[in-house]
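Report on the structure given below.
Dropping the structure here:
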């Protein structure tokens, strides 16, 4: 058993370990922590599912990992060629494999299928891209081991974990179902495990600071609506707020820091007892610091974004005029 003193920062990368004492939330707060994607694979084939899910995440995270690519989109015009050129220049300055990175950049801009590269090329490239998206030095996968694997399936699953760690230099941190297959263990002194639900998405990953979460249609829709209004200037997506260094950091969806206003767009998972209680504790901490917290559901945003925007505007104008 590894002796993990300070938690996530000390977990190994480039190795697969069994982790206990973790939550399912990606540990995204510390800049020393690897960029983490949380995976819930189905069945024994961890390798291909992990590569596909991380690749999908990296495509959504674009342009966070490609400097200068902001605003590039669409299959027409100069955008695809510009994306490939930027990726080629980045690869020339770094350890990226240029043809693969250029292909990924073009796919992110156009939505096309692109070339199929060898698994080893994809693994090491995706690890670097995931890390770069968050300004981190490395990347890790927090992987739920599915229930019900027979011994042969379990051996294949653990073998896939070791392959991802070796070929992609990922940290592969296994949690979930117990394993019969011998594997190094580590205990992280953080909150107890929250339950894994069968309807969890195949993957999730934290937002990039300053941007709406690319995997949240509600955040993307709200930003699209707010971008048209001059009064919405000063908004900060997915930035950290911390009252003092002694207080725990808070990560609001959307914040107007100067106006002391936080907006949250919540999915159905926030109705569960753990997240509901955690949300309320966090709301109280923000309110004690003078923030108002406006909570909407994702459904509110997706079905009537005009009403949500009108309510935010009404609050901000009232506060600014008061």
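Residue numbers (full-length UniProt numbering): 1 to 322. From the three backbone atoms N, C-alpha and C, an ideal C-beta is built for every residue, glycine too. Treat the numbers as computed from the prediction; the structure is a model and nothing was measured.
Coarse secondary structure for residue i, derived from DSSP in three states
i, result
"residue 291", "coil"
"residue 191", "Any reading at residue 191 must be qualified, since the residue scores a pLDDT of 43, below 50, and its modelled position is unreliable; no value is offered."
"residue 199", "Low confidence applies here, because residue 199 scores a pLDDT of 44, under 50, leaving its location unreliable; read the following figure in that light. Three-state result, residue 199: coil."
"residue 183", "coil"
"residue 139", "strand"
"residue 254", "strand"
"residue 276", "helix"
"residue 117", "coil"
"residue 74", "coil"
"residue 210", "coil"
"residue 269", "helix"
"residue 107", "helix"
"residue 246", "coil"
"residue 239", "coil"
"residue 37", "strand"
"residue 13", "coil"
"residue 171", "strand"
"residue 154", "helix"
"residue 53", "helix"
"residue 297", "strand"
"residue 144", "strand"
"residue 303", "helix"
"residue 313", "helix"
"residue 94", "coil"
"residue 319", "helix"
"residue 260", "coil"
"residue 351", "With the chain represented from 1 up to 322, any question about residue 351 goes unanswered, as that position is not in the structure."
"residue 234", "coil"
"residue 84", "helix"
"residue 160", "helix"
"residue 282", "helix"
"residue 166", "helix"
"residue 44", "coil"
Of the residues the options, the one placed nearest residue i, counting alpha carbons only
i, options, result
"residue 157", "40, 283 and 300", "40"
"residue 218", "109, 237 and 141", "237"
"residue 20", "248, 176, 205 and 36", "176"
"residue 169", "320, 307, 35 and 308", "35"
"residue 322", "259, 289, 167 and 99", "259"
"residue 148", "292, 178, 50 and 297", "178"
"residue 171", "283, 279, 128 and 280", "128"
"residue 49", "160, 281 and 125", "160"
"residue 208", "256, 247, 270 and 136", "136"
"residue 261", "94, 228, 206 and 293", "293"
"residue 231", "245, 318, 68 and 94", "318"
"residue 250", "229, 228 and 280", "280"
"residue 94", "117, 116 and 67", "67"
"residue 116", "144, 243, 155 and 52", "52"
"residue 284", "205, 243, 320 and 204", "243"
"residue 153", "296, 320, 288 and 45", "45"
"residue 126", "246, 270, 278 and 167", "167"
"residue 297", "320, 269 and 82", "269"
"residue 144", "204, 77, 212 and 11", "204"
"residue 84", "213, 77 and 103", "103"
C-beta contact flag for residue i and residue j at 8 Å
i, j, result
"residue 55", "residue 63", "no"
"residue 254", "residue 305", "no"
"residue 146", "residue 43", "yes"
"residue 14", "residue 165", "yes"
"residue 323", "residue 133", "Past the edges of the chain, shown from 1 to 322, lies residue 323, and the structure says nothing about it."
"residue 105", "residue 86", "yes"
"residue 107", "residue 114", "yes"
"residue 60", "residue 215", "yes"
"residue 72", "residue 90", "no"
"residue 282", "residue 256", "no"
"residue 33", "residue 9", "yes"
"residue 225", "residue 309", "yes"
Expected contact under 8 Å - CB spacing of residue i and residue j to nearest Å
i, j, result
"residue 239", "residue 210", "7 Å"
"residue 142", "residue 163", "Contact doesn't hold; Cβ gap of about 17 Å is too wide."
"residue 17", "residue 183", "7 Å"
"residue 139", "residue 130", "4 Å"
"residue 79", "residue 109", "5 Å"
"residue 252", "residue 241", "6 Å"
"residue 88", "residue 74", "With 8 Å as the limit, residue 88 and residue 74 do not qualify as a contact, their Cβ atoms being about 20 Å apart."
Cβ of residue i within 8 Å of any chain B Cβ
i, result
"residue 274", "Protein chains in the displayed structure number just one, and chain B is not present."
(message) Under 8 Å, with one C-beta from each stretch per pair, do the region 291 to 304 and the region 263 to 280 reach the 3-pair mark?
(response) yes
(message) Would the region 307 to 319 count as touching the region 272 to 282 if we require 3 or more Cβ pairs under 8 Å?
(response) no
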